[in-house]
Structures are given as C-alpha cells and as structure tokens.
Amino acid sequence: KQEVTQIPAALSVPEGENLVLNCSFTDSAIYNLQWFRQDPGKGLTSLLLIQSSQREQTSGRLNASLDKSSGRSTLYIAASQPGDSATYLCAVRREDSGYSTLTFGKGTMLLVSP
Amino acid sequence: DAGVIQSPRHEVTEMGQEVTLRCKPISGHNSLFWYRQTMMRGLELLIYFNNNVPIDDSGMPEDRFSAKMPNASFSTLKIQPSEPRDSAVYFCASNGGGLFTGELFFGEGSRLTVL
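Taken in order, these protein sequences are the chains called A and B.
For the first sequence, counting from 1, position 73 maps to 73 in the working numbering; every step adds exactly one.
Each position in the second sequence, counted from 1, maps to that position plus 1000 in the working numbering.
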C-alpha cells in the first residue's frame, strides 16, 4: 500500500526566505506526482504536475523535483511571500489492479510572516 | 473554463436526513472523483468514475453512501440517512488527460455539518 509522508507538518518563515517542502512515498512505481495548495476553507489548487519520466517542473517561483527511485519529491519556493501561506499537499498517482489511485500526504502548513 | 463546480457550498442538516451533494466536472474531463476531508484522516477517496462508470467504490464508508454519474457533466453523492460522523468537507475532482497520467482539478468543496 502506497504511503505518502510530508515533512515538516508545519513551517513558519519570515518573508523573503527560500524554503523547501518535502514529500516521500513508499512505492516508486508511480505515474506522476502532483503538488497542490489549499487555502483555509477552499479547495485544492493544482500547482505542478511531474510525470514519472520527468525530473522537475517549474512555475514562477515554484520548482518541484522528483527522484522516483528514492521515492522523494521536493517543492522549492523562492523568495517567499505572505500570500504563499497555505497548506501544501503532494499526491502520487499509480496503478493498482487496473485502477488509478491517487494517494495524498497530510500536507505541510506554511506560514510566511511579513 | 469554469472549473469544477460543486453545490451546495455549505449544508447543515439533522441526523437522519438525506443529503445530496452535486458536482459538475470540467467539460471534456472523463474521470470524476469524490473525496472527503477531515482533520483526523485528511483526504480520503470515496469513489471515482471513468466515462460515467463507477470504477472503484472501495472507499465508500458504508451503504448509507451512494454516488451516481448519469452523464458526463453531472454527478451526485448521496448520504441517507446522515449521521454526525459524516460531517466533513466533500470534494469533487475531475481529471484532465489520461486516467493514469492526467492532472487532477478540485472543486471548492461542500462543507457538511450533521447535527
């Protein structure tokens, strides 16, 4: 059974810092990994999708990397801003008996203070 | 593109009542997922459909829960009878691209409170 772990569970940083969020998964036979952002009381917003054949994806100040063999992904946020405060979740997609399954981590709650 | 649309956004009901949550996926997406989110258990997959057909409903907690997708643009999740432990945020998501490789897009969720 796939397990996804996100470390740290919570992170508080001052504005302007570069930071790294970590995601690890136990089964490396994945199709892709997706990073999401969730604001309080809102749905999940897709940030980046990395297919299993890719090493990284970039969008603005965000960069996500994937090391499938070691079961790890990192989300790098450059020059953090208070508006980046949210919970960040990673999810891995794999096949299980012909079904498509997406397993989520429990998230990292980020607070960026001005 | 309007995104995934869910209704109602908030529902407060009494134990024993029937609850129906609704979802309109993104046009052209052929996979639809229902998730439940609680503080204790995080995000749990309840059921997903591919081309309107239920593929995996192993996450549906018990027979009080049922889901339908009568056409490509509409799905419902029904709880009958509802219980206080069903209180959670219920998300609908639809999948663009391939079932195994596509990107998942979520609605804003339906917050259910059962008294």
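Idealized CB from N, CA, C, for every residue including glycine.
Kindly list, in the order they appear in chain A, the residues whose Cβ is closer than 8 Å to that of residue i.
i         : result
Phe1152/B : Nothing can be reported for residue 1152/B: it is not among the residues displayed for chain B, which extend from 1001 to 1115.
Could you give the residue range of the beta strand (DSSP E) that holds residue i?
i         : result
Ser59/A   : 56 to 59
Ala1072/B : Note, Ala1072/B: premise wrong, no beta strand (DSSP E); not H, not E.
Ser52/A   : From DSSP, Ser52/A is part of no beta strand (DSSP E); its letter is neither H nor E.
Gln6/A    : 4 to 7
Thr1038/B : 1031 to 1038
Ser113/A  : 108 to 113
Glu1103/B : 1103 to 1106
Gly1096/B : 1088 to 1096
Lys1187/B : With chain B represented from 1001 up to 1115, any question about residue 1187/B goes unanswered, as that position is not in the structure.
Tyr76/A   : 72 to 77
Asp67/A   : 62 to 67
Arg93/A   : 86 to 96
Gln81/A   : It is not in any beta strand (DSSP E) - Gln81/A carries neither H nor E in the DSSP assignment.
Phe36/A   : 32 to 38
Glu1044/B : 1042 to 1050
Val1012/B : 1010 to 1013
Arg1111/B : 1110 to 1114
Ser1058/B : Taken as a continuous stretch (DSSP letters only), Ser1058/B belongs to no beta strand (DSSP E), as it is neither H nor E.
Using a Cβ cut-off of 8 Å, pull out every chain B residue sitting near residue i, in sequence order please.
i        : result
Phe104/A : Gly1042, Leu1043
Run through chain B and tell me which residues come within less than 7 Å of residue i, C-beta to C-beta.
i       : result
Arg93/A : Phe1100
Against chain B, with Cβ distances strictly below 7 Å, would residue i count as a contact?
i        : result
Ser100/A : yes
Asn32/A  : yes
So residue i contacts chain A; which residues on that side make the cut at Cβ distance below 7 Å?
i         : result
Glu1011/B : Here the premise fails: no neighbours, minimum Cβ distance about 15 Å.
Give a yes or no on whether 7 Å exceeds the smallest Cβ distance from residue i to chain A.
i         : result
Gly1097/B : no
Gly1109/B : yes
Kindly list, in the order they appear in chain B, the residues whose Cβ is closer than 9 Å to that of residue i.
i       : result
Gln51/A : Thr1101
Residues of chain A with a CB under 9 Å from the CB of residue i: which are they?
i         : result
Leu1104/B : Gln34, Phe36, Leu44, Ser46, Leu49, Ala91, Arg93, Leu102
Against chain B: residues of the region 59 to 71 of chain A by CB proximity under 7 Å: none
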